[in-house]
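Engineer: Dropping a structure here in structure tokens format, bear with me for questions.
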Amino acid sequence: MKKFLEKFYLVLIFIFLYAPILTLIVLSFNESRSMGSWSGFTLKWYAAMLQDETMMEALKNTLVIALVSAVTATLIGTLACVAIQKMKPGTRGVILALNQIPLLNADIVTGIALMLTFLAFGISLNMGTVLFSHITFCIPYVILSVMPKMKQVGGYTYEAALDLGASPAYAFWKVILPEIRPGMVSGFLMAFTMSVDDFIITHFTRGAGINTLSTMIYGQVRVGIRPSIYALSTLVFGTVLILLLIANYLPGYRARKKAREEQMR
Amino acid sequence: MRRKLLSAPYLVWILCGTLIPMAMVFYYGLTGDQGGFTLSNIAAIAETGHAKALWTSVLLSLVSTVICLLLAYPLGLILKKSGMGQKGLLVFLFVLPMWMNFLLRTMAWQVLLEKKGVINTILQSLGFSGLRLINTPTAIVMGMVYDFLPFMVMPIYNVLAKIDDRVIEAARDLGANNFQVFRYIILPLSVPGIVSGVTMVFVPALTTFVISNMLGGGKILLIGNVIEQEFTVGNNWHLGAGLSLVMMIFILVSMAFIAKFDKNGEGNTF
Numbered sequence: 001m002k003k004f005l006e007k008f009y010l011v012l013i014f015i016f017l018y019a020p021i022l023t024l025i026v027l028s029f030n031e032s033r034s035m036g037s038w039s040g041f042t043l044k045w046y047a048a049m050l051q052d053e054t055m056m057e058a059l060k061n062t063l064v065i066a067l068v069s070a071v072t073a074t075l076i077g078t079l080a081c082v083a084i085q086k087m088k089p090g091t092r093g094v095i096l097a098l099n100q101i102p103l104l105n106a107d108i109v110t111g112i113a114l115m116l117t118f119l120a121f122g123i124s125l126n127m128g129t130v131l132f133s134h135i136t137f138c139i140p141y142v143i144l145s146v147m148p149k150m151k152q153v154g155g156y157t158y159e160a161a162l163d164l165g166a167s168p169a170y171a172f173w174k175v176i177l178p179e180i181r182p183g184m185v186s187g188f189l190m191a192f193t194m195s196v197d198d199f200i201i202t203h204f205t206r207g208a209g210i211n212t213l214s215t216m217i218y219g220q221v222r223v224g225i226r227p228s229i230y231a232l233s234t235l236v237f238g239t240v241l242i243l244l245l246i247a248n249y250l251p252g253y254r255a256r257k258k259a260r261e262e263q264m265r
Numbered sequence: 001m002r003r004k005l006l007s008a009p010y011l012v013w014i015l016c017g018t019l020i021p022m023a024m025v026f027y028y029g030l031t032g033d034q035g036g037f038t039l040s041n042i043a044a045i046a047e048t049g050h051a052k053a054l055w056t057s058v059l060l061s062l063v064s065t066v067i068c069l070l071l072a073y074p075l076g077l078i079l080k081k082s083g084m085g086q087k088g089l090l091v092f093l094f095v096l097p098m099w100m101n102f103l104l105r106t107m108a109w110q111v112l113l114e115k116k117g118v119i120n121t122i123l124q125s126l127g128f129s130g131l132r133l134i135n136t137p138t139a140i141v142m143g144m145v146y147d148f149l150p151f152m153v154m155p156i157y158n159v160l161a162k163i164d165d166r167v168i169e170a171a172r173d174l175g176a177n178n179f180q181v182f183r184y185i186i187l188p189l190s191v192p193g194i195v196s197g198v199t200m201v202f203v204p205a206l207t208t209f210v211i212s213n214m215l216g217g218g219k220i221l222l223i224g225n226v227i228e229q230e231f232t233v234g235n236n237w238h239l240g241a242g243l244s245l246v247m248m249i250f251i252l253v254s255m256a257f258i259a260k261f262d263k264n265g266e267g268n269t270f
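Chains A and B, in that order, give the protein sequences.
Letter by letter, the first sequence follows residues 1 to 265 in UniProt numbering.
Letter by letter, the second sequence follows residues 1 to 270 in UniProt numbering.
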């Protein structure tokens with residue numbers, strides 16, 4: 001009986017989580033525009049989606065912004081970690097506390113704070129301000145994932161390399177980088193995901209006419225939902241599902257990754 | 001010494017991206033149109049419309065946080081018992097929706113709840129009369145619970161999964177019944193997870209303007225909506241910044257309160 005109740009509970013939550021997404025997927029193949037009735041299978045909304053220039057532009061912007069800000073944030077964040085490790089505990093504490101501010105702040109506050117600053121200094125809102133803002137909220141995630149790895153490395157191996165005649169840059173490349181690489185990768189992925197998913201900060205810092213997927217959906221939904229957005233939802237959900245499955249379960253992926261890491265050591 | 005220079009870009013970024021912008025919010029919030037110091041933007045929270053919006057936000061986000069906690073905790077326990085580990089397929093299924101675009105997830109509820117939406121059409125085709133679902137506080141709570149539930153499930157499941165089964169067995173060997181095991185072992189050990197789950201749901205729910213706009217039809221104003229409108233439509237940045245200061249203070253106070261609860265919980269156990 002207890003087992004049954006537990007299974008039942010899991011199923012209920014599962015339905016609650018997936019019914020809305022499933023609805024969007026079903027509607028994306030629905031012939032009619034109406035939300036409630038099924039009138040035959042079609043792929044025309046997918047064709048409409050591909051021909052919709054605003055939608056494709058928004059998709060492109062989202063990916064470009066996420067890629068550029070994640071790469072920049074990973075570079076800046078990793079360099080910072082290398083330096084922070086060398087600092088006195090007091091200074092380090094202050095910097096790591098400052099690092100928490102964008103993480104703890106409500107997105108709406110971060111968004112309006114950045115917008116106020118841009119406009120007060122006479123910087124007009126455009127793609128650059130969006131990028132700057134995304135990098136701002138991405139760096140803390142990189143620092144949080146690289147810093148623990150940096151602590152694990154410690155200073156001794158690096159110093160040993162210097163004693164053996166390596167230049168600081170060479171020692172960093174050969175000794176520190178391989179150890180912190182997993183942290184950098186997970187920081188990059190987190191930054192990328194956060195950037196793709198962000199709506200609120202982009203909403204406040206974007207210039208007119210610049211849309212990411214999130215701001216485009218927000219704008220269109222208020223006018224009325226078009227079926228091509230259902231097609232887009234299905235595409236987004238499918239991509240997320242496949243990427244996460246690959247990351248977690250692809251047979252041998254983990255083993256290969258581990259082997260590669262061993263090899264690097 | 002040269003190595004410390006590597007942090008220069010980051011320090012510049014903290015200064016320009018975090019510290020100066022925060023200072024700007026304080027500056028705008030504490031000055032008037034003419035530039036002089038004033039507290040009127042802060043005091044504006046007492047005006048009926050603003051106070052009502054803040055009150056609605058607090059109420060709806062509290063209700064959503066409690067519902068999320070009540071849904072997530074048993075789920076966490078069941079997932080722990082399934083013993084599939086952090087990378088298990090079952091756990092994966094319950095956090096997957098979190099990675100789907102936030103706007104699309106909220107839109108899905110709009111599609112379900114609308115006047116001619118999925119739920120009403122199905123009800124009517126079965127001969128029932130349609131319900132008024134969208135643009136109600138219930139719809140907003142639904143959206144909040146749906147959007148933020150995974151943020152409650154994850155931290156709670158993580159702490160529960162870390163609890164050593166031997167501790168629970170030891171308690172049973174010493175004669176504790178199910179309720180006692182839960183009350184004196186599992187619950188106190190899971191407090192840190194509950195605290196971070198509550199913060200991760202409460203803060204975004206309190207400050208949202210997207211959910212209320214999409215599922216409340218702009219008729220139910222939350223404090224987030226009021227602030228957003230001051231910046232995008234109203235163009236009174238001073239008032240908007242003042243109200244966000246009030247909201248920040250509100251969040252800080254509630255986080256301090258929750259953190260204190262955390263310490264008490266742990267203090268009692270050990």
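Glycine included, C-beta positions come from ideal geometry on N, C-alpha and C.
These figures come from a predicted structure and were not determined experimentally.
Run through DSSP, which three-state label would F148 (chain B) get?
Structural biologist: In this structure, F148 (chain B) counts as helix in the three-state DSSP scheme.
Engineer: Along chain C, in chain order, which residues have C-beta atoms closer than 7 angstroms to that of N101 (chain B)?
Structural biologist: The structure shown contains no chain C; its protein chains are A and B.
Engineer: Given this structure, state the Cα-to-Cα distance separating L10 (chain A) from L89 (chain B), to the nearest angstrom.
Structural biologist: Those two C-alpha atoms are separated by around 13 angstroms.
Engineer: At the 8 angstroms Cβ level, is R3 (chain B) part of the contact set with chain A, yes or no?
Structural biologist: Judged by the 8 angstroms Cβ criterion, R3 (chain B) is in contact with chain A.
Engineer: Count the other CB atoms, across all protein chains shown, that sit within 10 Å of the CB of S39 (chain A); report buried if there are 16 or more and exposed otherwise.
Structural biologist: S39 (chain A) should be labelled exposed.
Engineer: Could you check where the alpha helix (DSSP H) with residue 270 (chain A) kicks off and where it finishes?
Structural biologist: There is no way to answer for residue 270 (chain A), as the model of chain A reaches only from 1 to 265.
Engineer: Using CA atoms only, rank isn't needed, just tell me which of B:L252, B:A259, B:F257, B:K260 is closest to I101 (chain A).
Structural biologist: Of the candidates B:L252, B:A259, B:F257, B:K260, the one whose C-alpha sits nearest the C-alpha of I101 (chain A) is B:L252.
Engineer: Is it true that the region 41 to 53 of chain A meets the region 201 to 211 of chain A, where meeting means three or more beta-carbon pairs spaced less than 8 angstroms apart?
Structural biologist: No, the region 41 to 53 of chain A is not in contact with the region 201 to 211 of chain A.
Engineer: When DSSP labels each residue in this structure, what does F121 (chain A) get in the three-state scheme?
Structural biologist: Looking at F121 (chain A) - three-state DSSP - the assignment turns out to be coil, as it is neither helix nor strand.
Engineer: Would you mind stating whether S28 (chain A) and S233 (chain A) have Cβ atoms separated by less than 8 angstroms?
Structural biologist: Taking 8 angstroms as the Cβ cut-off, S28 (chain A) and S233 (chain A) qualify as a contacting pair.
Engineer: Determine, using beta-carbon pairs with one atom in the region 109 to 126 of chain A and one in the region 216 to 230 of chain A, whether at least three such pairs fall under 8 angstroms.
Structural biologist: No, they do not touch.
Engineer: Using a C-beta cutoff of 8 angstroms, does P227 (chain A) count as contacting chain B?
Structural biologist: Answer no: the Cβ-Cβ gap between P227 (chain A) and chain B never drops below 8 angstroms.
Engineer: By Cβ distance, which residues of its chain are closer than 7 angstroms to M255 (chain B), with the 5 residues on each side in sequence left out?
Structural biologist: These residues qualify, in order along the chain: T199.
Engineer: Listing by chain order, which chain A residues have their CB less than 9 angstroms from the CB of T121 (chain B)?
Structural biologist: Chain A residues near T121 (chain B): S34, M35, G36, S37.
Engineer: Nearest chain B C-beta to E57 (chain A) closer than 8 angstroms, yes or no?
Structural biologist: With 8 angstroms as the cut-off, E57 (chain A) does not count as an interface residue toward chain B.
Engineer: Determine the direct distance from the alpha carbon of L67 (chain A) to that of K60 (chain A), and round the result to whole angstroms.
Structural biologist: K60 (chain A) and L67 (chain A): Cα-Cα distance of roughly 11 angstroms.
Engineer: Can you pull the chain B neighbours of P89 (chain A), defined as C-beta to C-beta under 9 angstroms?
Structural biologist: In chain order: nothing, as chain B lies at least about 14 angstroms away.
Engineer: I'd like to know if the region 64 to 81 of chain B and the region 149 to 159 of chain B are in contact, where contact means that at least 3 CB-CB pairs between them fall below 8 angstroms.
Structural biologist: At 8 angstroms Cβ cutoff, the stretches touch.
Engineer: Is T129 (chain A) helix, strand or coil by DSSP?
Structural biologist: Correct three-state label for T129 (chain A): helix.
Engineer: Look at the alpha carbon of S195 (chain A) and the alpha carbon of W109 (chain B), and state the distance between them as a whole number of angstroms.
Structural biologist: C-alpha separation (whole angstroms): 23 angstroms.
Engineer: With 8 angstroms as the threshold, decide whether the Cβ of A256 (chain B) is near any Cβ in chain A.
Structural biologist: No, because no Cβ of chain A sits closer than 8 angstroms to the Cβ of A256 (chain B).
Engineer: Measuring CA to CA, which of B:R183, B:S64, B:L75 is closest to T207 (chain B)?
Structural biologist: Nearest option by C-alpha distance: B:S64.
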